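Visitor: Sharing a structure with you now.
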Amino acid sequence: MSTVITGAQVFDGERSLGSLDVIVSGGVIASIGGDPPSGVDVVDGRGCTLVPGLIDAHVHTSPEALRLALRFGVTTELEMQGMHTREHRRDIEDDDTSADVRSSGLAITPPGGHPSELFPDDFDPSGGRARSDDEHAGSGRPAERPFQPFTSTPAEAVAHVGILVESGSDYIKFIVDDGSVEGTPVPMLDQATLDAGVAEAQRLGMLTVAHALTRDATRMCLEAGVDGLVHLFMDGPHDDDLLARIAGSGTFVVPCVVLNASMMGLNGAALADDHRVASRLDAAWDRTLRSSFDRYPQGSIDHVLDSVRALHEAGVRLLAGTDSSAPFPFLGGLAHGASVHHEMQYLVRAGLSPSAALRAATSEAAEAFGLSDRGRIAPGLRADLLLVEGDPTTDIAATLDIRAVWRHGTRLDSDGPPAR
């Protein structure tokens, strides 16, 4: 059955359109405005705002995490290390109880490189059970596979990019991290290897993204010509030269301020205390959100926020991402879905307008990753929608006042499977 959402203010992913009826049919947005046909399911949106489904532009996910994300109106997650490449997500693409997902597959890093230092030697996310691929992917640790893109030379980088493309990666991720922020030195890709891998990926028409937590690593990524930085450096304030290089490169940035805060020991306890969040979290995710990575306490969140503001003012495209992964306290301060709302709050704190923060979590993310069928409310696009009470274009905290979520035109039933 078709659905019409009546009386809501519509934020189309770019700007507010005013109060218009939005008609959904066959999983897509049929029309905006005009008279609805007879016999449709009517949703009263008076006093509410309809926005595109949110996009988390940096996660490590699992089926359980994708279901949690959708409960918070996150309809798409972009995986930055995991197993949800094209051949491994067919069931998810048809499952309207879960967020949709795109994936880099396994990221290119040297043997022993990041993220190996994050996990205790005896860590077993399965609690003693044999781990499935999904559990490996959700933990951020690669599953046992014949192929791992551990790379130490330019030739290996070129070869591994080709294998990732053939295996269904949607974009190629490079990890440029010496472990200094995490407090444990690890091997890092050198400039020549990074340059070769990025050039090969772009030759094959692939989007390239990079993990970099320091200013020096960020400069390496810019030198290599990556398309996107999926972290913001946290080892000090920006300088004019680095700001100009990022702005001049056309590179997009996923600041993941919530991750940087967690690395500095700032947890998500205040978010977890919010009844709008607590009602959607189980005990494991509640404990995780109240914890933190706490590996870089000497860092300054004010420096991070100042850099976000400067990048925005310089015209750099910013996307909302969280680095949410698995419900373990040492990966804490983050929770799928909830932390996207927290990230938008941080973006506003940094100086973005609420509308700009909403764009970072909708149209900007979709455009940066070539997802032309979502991220906006327009005829013919996927009906991935979030209806919230109030007006998040003036108060970003209103995004948590969730009234309804649709994934591909199917309304999520908060008390059970989605209602059709």
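Under the working numbering, the residue at position 389 of the sequence shown is numbered 389, and the numbers go up by one with no gaps.
Where a beta carbon is used, it is the ideal one built from N, C-alpha and C, also for glycine.
Predicted model only: the values in this text are computed from it and were never measured.
1. Classify GLU93 as helix, strand or coil using the three-state DSSP reduction.
2. Assuming ILE108 contacts ILE175 (C-beta within less than 8 Å), just tell me the rounded distance between them.
3. According to DSSP, is VAL176 part of a helix, a strand, or is it coil?
4. Please list the terminal residues of the continuous beta strand (DSSP E) segment that includes PRO36.
5. I'd like to check one pair, ALA350 with ARG317: are the Cβ atoms closer than 8 Å?
6. Does the region 26–38 come into contact with the region 299–308, if we say contact requires no fewer than three beta-carbon pairs (one atom in each stretch) closer than 8 Å?
7. Please return the same chain residues whose Cβ sits closer than 6 Å to the Cβ of ASP401, not counting the five positions on each side in sequence.
8. Quick test of your reading: VAL59 and GLU79, contact by CB under 8 Å. State the CB separation rounded to the nearest angstrom.
9. To the nearest whole angstrom, what separates the beta carbons of THR322 and CYS256, a pair I think is in contact under 8 Å?
10. Tell me whether THR393 is buried or exposed, calling it buried when 16 or more other Cβ atoms sit within 10 Å of its Cβ.
11. Is SER279 helix, strand or coil by DSSP?
12. Please name the residue in LEU164, LEU229, ALA212 whose C-alpha comes closest to that of ALA201.
13. Can you check the region 331–415 for any beta strand (DSSP E) of at least 3 residues that lies completely inside it and give the ranges in chain order?
14. One question on the structure: do THR218 and LEU189 come within less than 8 Å of each other, judged by their Cβ atoms?
15. Tell me the rounded alpha-carbon separation between VAL230 and PRO185.
16. By a C-beta neighbour count over all protein chains shown, 10 Å radius and 16 as the cutoff for buried, is THR208 buried or exposed?
17. Could you have a look at PRO142 and say whether DSSP puts it in helix, strand or coil?
18. Could you pull out every residue in the same chain whose Cβ sits closer than 6 Å to the Cβ of LEU289, ignoring the five residues on either side in sequence?
19. From this set, ALA361, ALA383, ASP241, HIS238, which residue's C-alpha is nearest THR399's C-alpha?
20. Determine, using beta-carbon pairs with one atom in the region 70–78 and one in the region 153–167, whether at least three such pairs fall under 8 Å.
21. Leaving out five residues before and five after GLY13 in sequence, what residues of the same chain have Cβ atoms less than 7 Å from its Cβ?
22. Using a threshold of 8 Å, state whether the C-beta atoms of ALA65 and ALA365 are closer than that.
23. When the Cα atoms are used, what is the spatial distance from PHE330 to THR6?
24. Taking DSSP's pairing of strands, which residues face SER324 in a bridge?
25. Go ahead and pull the three-state DSSP assignment for ARG290.
26. Could you tell me the distance, in whole angstroms, from the CA atom of GLU223 to the CA atom of ALA210?
27. Within 10 Å of its beta-carbon, does HIS436 have 16 or more other beta-carbons around it, so buried, or fewer, so exposed?
28. Report yes if the C-beta distance between ALA244 and ALA196 is below 8 Å; otherwise report no.
29. In the DSSP assignment, find the alpha helix (DSSP H) that holds ALA310 and state where it starts and stops.
30. When we look at the beta-carbon of GLU87 and count the other beta-carbons within 10 Å, is it buried (16 or more) or exposed?
31. Could you pull out every residue in the same chain whose Cβ sits closer than 7 Å to the Cβ of LEU106, ignoring the five residues on either side in sequence?
32. What is the C-beta distance between GLY183 and HIS114, in whole angstroms, given that I count them as a contact (C-beta under 8 Å)?
33. Cα separation between ALA137 and GLN191?
34. Pick helix, strand or coil for HIS211, following the three-state DSSP scheme.
35. Less than 8 Å between the C-beta atoms of GLY27 and HIS408, yes or no?
Guide: Answer, in terms of the structure:
1. helix
2. 7 Å
3. coil
4. Taken as a continuous stretch (DSSP letters only), PRO36 belongs to no beta strand (DSSP E), as it is neither H nor E.
5. Taking 8 Å as the Cβ cut-off, ARG317 and ALA350 do not qualify as a contacting pair.
6. no
7. Around ASP401: VAL388, GLU389, GLY390.
8. Separation of the CB atoms of VAL59 and GLU79 is rounded to 6 Å, and the pair is thereby assigned contact status at 8 Å.
9. 6 Å
10. buried
11. coil
12. The shortest CA-to-CA distance from ALA201 to any of LEU164, LEU229, ALA212 is the one to LEU164.
13. 385–389, 402–407
14. no
15. For VAL230 and PRO185, the distance between alpha carbons rounds to 21 Å.
16. buried
17. For PRO142, the pLDDT reaches just 39, beneath the cut-off of 50, and the residue's location in the model is therefore unreliable, leaving the point undetermined.
18. GLY268, ALA272, ALA335
19. ALA361
20. no
21. PRO52, ARG359, THR362, SER363, GLY375, ARG376, ILE377
22. Cβ atoms of ALA65 and ALA365: not closer than 8 Å.
23. 44 Å
24. VAL59
25. coil
26. In this model, GLU223 and ALA210 are separated by some 12 Å (Cα to Cα).
27. Outside the displayed range of the chain (1 to 420) lies residue 436, so it cannot be described from this structure.
28. no
29. 301–313
30. exposed
31. If the five residues before and after LEU106 are omitted, its C-beta is found closer than 7 Å to the C-beta atoms of GLN81, PRO142, GLN148, PRO149, all from its own chain and listed in chain order.
32. Not confirmed; about 12 Å, so no contact.
33. Legend: pLDDT at ALA137 = 39, less than 50; position of this residue unreliable, value from coordinates given subsequently. Between the alpha carbons of ALA137 and GLN191 lies a gap of roughly 28 Å.
34. The three-state secondary structure of HIS211, taken from DSSP, is strand.
35. yes
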